[in-house]
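Adding 2 to a residue's 1-based position in the sequence shown gives its number in this note's numbering. Some notes on the structure that comes next.
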Amino acid sequence: MRADAAGTVRDALIAAGARGLLVADENCPPALLAGLPPGTRVLSNRWDLCVAGRDRGLEVSFSDFALPATADLELIACRVPKERAVVRHLINRAWHALAPGGRLLLWGGKHTGIKTHGKEAADAFGGAPEVRKLGPDYLAVATRTGATLHSLDDADYEALRPLLAYGARELFTKPGLFGWDQIDPGSALLAAQLPGIFAAGGAPARLLDLGCGYGYLSVAAHAHGADAVTATDTCAAALLACAKNFAVHGIAGEVVPSDCAAGIAERFDLVLCNPPFHRGFAADQELCARFFRAAAGHLHRAGRALFVTHRVVPAATLAQGVFRSCEPIAATSSFQVNLLQGPLRAPLI
């Protein structure tokens with residue numbers, strides 16, 4: 003049987019034991035996590051992957067790719083993330099985590115830029131690039147051979163920066179979260195509906211920002227009178243930026259790591275959501291549908307949800323059987339905002 007990259011990585015992690023580390027982001031194959039023995043070390047920036055890993059007995063840590071600077075690991079493996087700054091940050095941090103002679107394994111399809119990433123990793127580590135095709139993917143190996151790291155430009159990955167603004171106040175953001183360097187036009191369209199929604203039904207006493215990113219919708223809702231705000235996301239970078247923006251804008255509430263609000267018992271008057279419809283490099287409509295179900299399950303019976311989705315997402319179809327009504331209230335050539343009412347999954351309270 004021809005070896006594939008994920009299987010080769012799995013075998014290498016098993017052989018490395020406690021001196022191996024899998025770095026898992028949204029592109030990490032679920033089958034790889036499922037195939038690792040209990041006790042294998044995993045670091046992930048995704049709360050959902052951390053929960054899944056812990057359920058399988060893996061030794062999991064959740065962070066924004068804060069690899070340990072211990073210089074004692076034999077092996078670090080990661081399927082390449084989408085964002086170049088993230089990959090370069092991981093390469094830089096991996097050098098400090100690996101012992102001399104330790105190896106960094108990166109893998110991914112041709113479309114992920116794996117050959118370029120493999121060459122950059124080898125150059126940073128002071129060695130020759132080693133890239134080979136295994137099944138549909140390519141595996142790149144960089145060995146820590148040099149005495150010093152030739153650091154890659156990772157766009158100052160760890161720093162929160164006031165790149166954007168809402169009104170007169172700054173919005174802090176950073177690489178590593180979706181749309182980090184812009185105000186998403188869909189979210190802006192949703193935010194523009196808040197004055198009318200609040201005027202018609204009153205500002206919500208309790209609001210949930212589902213998939214909060216750096217907190218743009220939370221900040222907008224707070225500016226228009228929302229009282230207590232709970233923001234949640236599965237991405238560590240998003241949570242860091244959102245917590246900073248809560249502090250800067252004086253928002254009363256909390257920022258909570260969760261997978262589609264799982265584990266949040268509170269019920270809300272209003273849910274705001276700009277749901278993802280891609281997982282990693284691939285479109286995933288079921289992922290988007292989960293956010294509709296999660297919103298309904300976290301609302302009071304009289305609660306409402308505002309969703310903004312790309313026009314290619316069949317919002318009305320996804321709302322069927324989840325909400326009693328799905329009313330389009332705004333649209334552009336690319337985005338649509340729907341007001342969802344009558345949550346069918348909420349308790350009768």
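For each residue, glycine too, the CB sits at the ideal point set by N, CA and C. Values in this document were obtained by computation on a predicted structure and should not be read as measured data.
Residue i burial status per 10 Å Cβ neighbour count (16 or more: buried)
i    : result
Q322 : exposed
E268 : exposed
T319 : exposed
A284 : In this prediction, A284 has a pLDDT of 49, which is less than 50 and means its spatial position is unreliable; what the coordinates show is noted afterwards. The residue in question, A284, is exposed, as its Cβ has fewer than 16 Cβ neighbours within 10 Å.
E122 : buried
G169 : exposed
T10  : buried
D57  : exposed
G198 : exposed
G305 : buried
Q338 : buried
V221 : buried
G104 : buried
G46  : The sequence given here has Ser at residue 46, not Gly. So S46 ends up on the buried side.
R95  : buried
P397 : Past the boundaries of the shown model lies residue 397; the chain is included only from 3 to 351, so the question cannot be answered.
V273 : buried
E85  : buried
P349 : Because the pLDDT of P349 is 48, which lies under 50, any placement of that residue in the model is unreliable, and the question is left without a value.
S335 : exposed
E28  : buried
A333 : exposed
G252 : exposed
D183 : exposed
A8   : buried
R313 : exposed
Assumed close pair residue i, residue j - CB separation to whole angstroms, cut-off 8 Å
i    : j    : result
A239 : D66  : 5 Å
R241 : L219 : Note on identity: in this sequence residue 241 is Leu, with Arg being the wrong assignment. 15 Å between Cβ atoms; not a contact.
G344 : R326 : 3 Å
A142 : W109 : 7 Å
A126 : L154 : 5 Å
F270 : L209 : 6 Å
R43  : L23  : 5 Å
L342 : A291 : The pair is not a contact, with the Cβ atoms about 13 Å apart (cut-off 8 Å).
D6   : R90  : Not confirmed; about 26 Å, so no contact.
R171 : V250 : 6 Å
First through last residue of the alpha helix (DSSP H) which encompasses residue i
i    : result
D13  : A7 to A18
V53  : W49 to D57
K121 : I116 to F127
I185 : No alpha helix (DSSP H) contains I185, which DSSP labels as neither H nor E.
L203 : Leu is not the amino acid found at residue 203; the sequence shown has Gly there. G203 -> alpha helix (DSSP H) spans L196 to G203.
C290 : Q287 to G299
Y218 : Y218 to A225
Residue interval of the beta strand (DSSP E) (run including residue i)
i    : result
C328 : F325 to A333
Q338 : F337 to P345
D156 : Where D156 is concerned, there is no enclosing beta strand (DSSP E), given that its DSSP letter is neither H nor E.
R163 : R163 to Y168
C237 : Counting along the chain, C237 falls outside any beta strand (DSSP E), and DSSP gives it neither H nor E.
V257 : G255 to P259
R81  : L75 to R81
L108 : L100 to G110
One or two residues paired with residue i in a DSSP bridge
i    : result
P311 : Checking the displayed sequence, the identity of residue 311 turns out to be Thr instead of Pro. In DSSP, T311 forms a bridge with Q338.
V273 : L210 and A307
E132 : V143
V62  : V44
C30  : BP columns for C30 are empty, so no partner.
E172 : A167
L320 : Looking at the DSSP assignment, L320 forms no beta bridge with any residue, so it has no partner.
T232 : L210 and E256
G22  : L77
Residue i: CB within 8 Å of a non-hydrogen atom of the ligand SAH
i    : result
A222 : You won't find the ligand SAH in this model; it holds no ligand whatsoever.
Report task. Could you tell me whether the segment 81–96 touches the segment 106–117, using the rule of 3 or more Cβ pairs below 8 Å? Result -> With the cut-off at 8 Å, the segment 81–96 and the segment 106–117 touch.
Query raised in the report: Should the segment 148–161 be regarded as contacting the segment 172–179, the criterion being three or more beta carbon pairs within less than 8 Å?
Result: Yes, they touch.
Report task. Determine contact between the segment 271–280 and the segment 234–254, defined as no fewer than three beta-carbon pairs at a distance below 8 Å. Result -> Counting Cβ pairs under 8 Å, fewer than three are found: no touch.
Report task. Evaluate the contact criterion for the segment 12–20 versus the segment 28–43: three or more CB pairs, one atom per stretch, below 8 Å. Result -> Yes: the two stretches touch, three or more of their Cβ pairs being nearer than 8 Å.
Report task. Would you be able to state if there are at least three C-beta pairs under 8 Å between the segment 69–77 and the segment 126–145? Result -> Segments in contact, no.
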